[in-house]
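Asks: Please read through the structure below; I'll follow up with questions.
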Amino acid sequence: MPRSYEDRRRAESFGSAAAAYDAFRPRYPAALIADVVPRAGLRVLDVGAGTGIASVQLRDAGARVVAVEPDERMARVAADKGIDVEISTFEQWHSDRRMFDRVVFAQSFHWVQPSPALDKVVHLLPAGGQLVLMWNRIAAVEPEQIVFDEIHADVRGVPVAAHGFDGGRDRALQELTDAGFAVDYREYHERSHYDADAYLDMVFTYSHQLVLDADTQRTLRSRLRAAIGPAGVTAANNAVALFCTHTDPGVSAPST
């Protein structure tokens, strides 16, 4: 199975739905943000920042945020919120010898090639700095997620595959270890209730849905709506964050 970053059609699908992405994607748990920014003034690089959802939360917690985002449509939404956005892929982005107390990938690490990305991160962190990889993980509780997964599989004709962190958990942890990072794994649990429209609007901001043709999107949305019914959806967000500290801080040096 190809890795997420190899599927450029999905990786580059978000800009077409930038406004919906910003409106309907869940925000990160407050406790997670507080762990990333325990004090004001930290310099934070938000990589693959999208519409600035995490950037705004980090800024509001007191961080000085620089965002890197390759899609101009997504970046424009973030910039309209007052976020300092540099339009580039992380692979092509230049630090100009800047360093950051935190390098954050919020819902984005699976879209970069891990080995060169981690090599680059090492040179952005001063002693005591951390790489933070974080994902919201939304799963329906009532109705159960399996009901929706079966509909997705039936409409698409293929089984539902795990994605994001869950799509390569063990491999990601091994890659971090191989790159010299010690990993502190943390989870944050929340529950939310969505009416049918709000739930479907969120679901259709994810790349698996964005790349479907219009007829398939309509069919999928109709089938999901019928399964939801009038009571809406209760969903759990079992968010995960990996706080990664390089075990040899002496290798850090400003990069270009």
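Counting from 0, one number per residue, gives the positions in the sequence shown under numbering that gives the first Met the number 0. Backbone N, C-alpha and C define an ideal beta-carbon position, used for all residues, glycine too.
#1: Would you mind stating whether Ala-62 and Arg-42 have Cβ atoms separated by less than 9 Å?
#2: Suppose the cutoff is 6 Å on Cβ atoms and the five residues either side in sequence are ignored; what does the same chain contact list for Met-133 look like?
#3: I'd like to confirm the pairing. Which residues does DSSP put opposite Arg-190 in its beta bridges?
#4: Just reading off the beta strand (DSSP E) that Ala-139 is part of, what are its end residues?
#5: If you follow the beta strand (DSSP E) that Leu-305 is part of, which residue opens it and which one closes it?
#6: Tell me which residue opens and which closes the alpha helix (DSSP H) that Glu-149 is part of.
#7: Identify whether Trp-92 lies in helix, strand or coil by the three-state DSSP scheme.
#8: Assuming Leu-123 is part of the beta strand (DSSP E), what are its boundary residues?
#9: The beta strand (DSSP E) that contains Glu-68, what's its start and end?
#10: Per DSSP, what kind of secondary structure is Thr-255 in: helix, strand or coil?
#11: With 16 other CB atoms within 10 Å as the buried threshold, where does Thr-176 fall?
#12: Report the residue from Trp-110, Val-154, Tyr-193 whose alpha carbon sits nearest the alpha carbon of Val-140.
#13: Are at least three pairs of beta-carbons, each pair with one atom in the segment 94-113 and one in the segment 49-65, less than 8 Å apart?
#14: At 3 residues or longer, what runs of the beta strand (DSSP E) sit wholly inside the segment 198-248?
#15: Taking Gly-128 as the reference, give the member of Ile-145, Val-159, Val-182 with the closest Cα.
#16: Looking at Ala-195: is its Cβ nearer than 9 Å to the Cβ of Arg-224?
#17: Closer than 8 Å is the cut-off here; do at least three beta carbon pairs connect the segment 113-131 with the segment 205-220?
#18: In terms of DSSP beta bridges, what is Trp-134 paired with?
#19: Helix, strand or coil: how does DSSP classify Ile-86 here?
#20: Under the rule that 16 or more other beta-carbon atoms within 10 Å means buried, what is His-188, buried or exposed?
Replies: If we stick to the structure as given:
#1: yes
#2: Ala-105, Ala-240
#3: Ala-235
#4: 137-141
#5: An answer regarding residue 305 cannot be provided, because it is not within the stretch 0 to 255 covered by the chain.
#6: 144-155
#7: coil
#8: Leu-123 -> no beta strand (DSSP E), and no H or E assigned at all.
#9: 63-68
#10: Below a pLDDT of 50, predicted positions are generally treated as unreliable, and Thr-255, at 49, falls in that range; the measurement from the model is reported next regardless. Thr-255: coil per DSSP, three-state reduction.
#11: exposed
#12: Tyr-193
#13: yes
#14: 232-245
#15: Val-182
#16: yes
#17: no
#18: Val-239
#19: strand
#20: exposed
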